[in-house]
Each structure stands twice: as C-alpha cells, then as structure tokens.
Amino acid sequence: MLYVDGMNGLIGHNETVQWLYTLVGSKFRLVVKTALKLLLVFVEYTESNAPLLIQAVNTVDTKQGCKPWSNAMEILDEKDGMDTELLVYAMTLINKTLAVLPDQDTFYDVVDSLEDLQTFILIICTRGRRWEPVRLRGNRKLLKYGVSSHA
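Residue numbering for the sequence shown follows UniProt numbering, beginning at 1 and increasing consecutively.
Given below as structure tokens:
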C-alpha cells in the first residue's frame, strides 16, 4: 500500500531521495536491498520522479567526488559473492529510470555517465538462464530496447 501524502512529501524533499541513494552504497546487503526497493517504488510512482532521482544521484555522487551512478554500478561490478537479487534490483532501477525519462537528451546523458564508468550491462539469457555481459559502448539501441521492452 502506498501512502500518497508520504510519497508527495518524498517528491518534494530531494534530500530524502539523496539519502536513499546514499544507502545503495552501504556495505550491508539488507540496507542496499531495501534502499533499491524504495527507490524503485519512487520511480514507478509517477514518471516525473525519474528526473528527481537523476538529480539526487548527480548530487550525491558529485559530493562524494564520484561519477554519477557509482553506487549502483558498484553492485553490478561486484565480483565476490555475486548477489543476483541485488543485481536485478540495481539493473531494474536503472532500466526503469531510463524508460520513463521525458527526453532523449537526459537519456543519453545518463547512458554517457554509465559509459564513463566503463559499465557492462548484464542481460539474462532466457535459454541458458545465465548472466551474459554486454559492453555498453556502441550498444545504445540494445540498452534502449531492453529498457522499453521491460518497462
């Protein structure tokens, strides 16, 4: 159940969204999972929340001296004890955010930020049920297709 007043309060208070995104960088799995789930609810609540999340991500990562989306990308780059549940939540958050952006300029700004992090996008192969890395650079159409087909 969503509480509309609470969500409207969250929409109007970007510092709280920034705090939630900061928690994505926590070393505690349950904290990361809960923060990702809450950010997913926030992005799915209304399409106008995606730019607010991007603003929060940019603010937090700029203050930390990192490139945008660094906290989320650390989850995807984790090599030890690969936690597929966190991978799915992080990738879903990125995909859902990209899927509802109001303009292509913002879409490509975020994609460029991901490229700057030398991101590898993880795609689930439906036949083999395994993770297959696909290099993001040069695959914008693939990423955009994946976003729109999962939205």
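We put the beta carbon where it would ideally sit given N, CA and C, even for glycine.
Source: prediction; values computed, not measured.
**Report entry** Whole-angstrom C-beta distance between P68 and S113, which should lie under 8 Å
**Finding:** Right, their Cβ atoms sit about 4 Å apart.
Query raised in the report: Under three-state DSSP, which class holds W19?
Result: In this structure, W19 counts as helix in the three-state DSSP scheme.
Requested in this report: Check whether the Cβ atoms of L117 and V32 sit closer than 7 Å, and answer yes or no.
Outcome: no
Query raised in the report: Just reading off the alpha helix (DSSP H) that D105 is part of, what are its end residues?
Result: 104-116
**Report entry** Proximity of L20 and A35 at Cβ, strictly below 7 Å
**Finding:** yes
Query - Local Cβ density within 10 Å of S70, reported as buried at 16 or more and exposed below that - result: buried
Requested in this report: Measure the CB-CB distance between A72 and Q18 and report whether it falls below 7 Å.
Outcome: It is not a contact, given that the beta carbons lie outside the stated cut-off.
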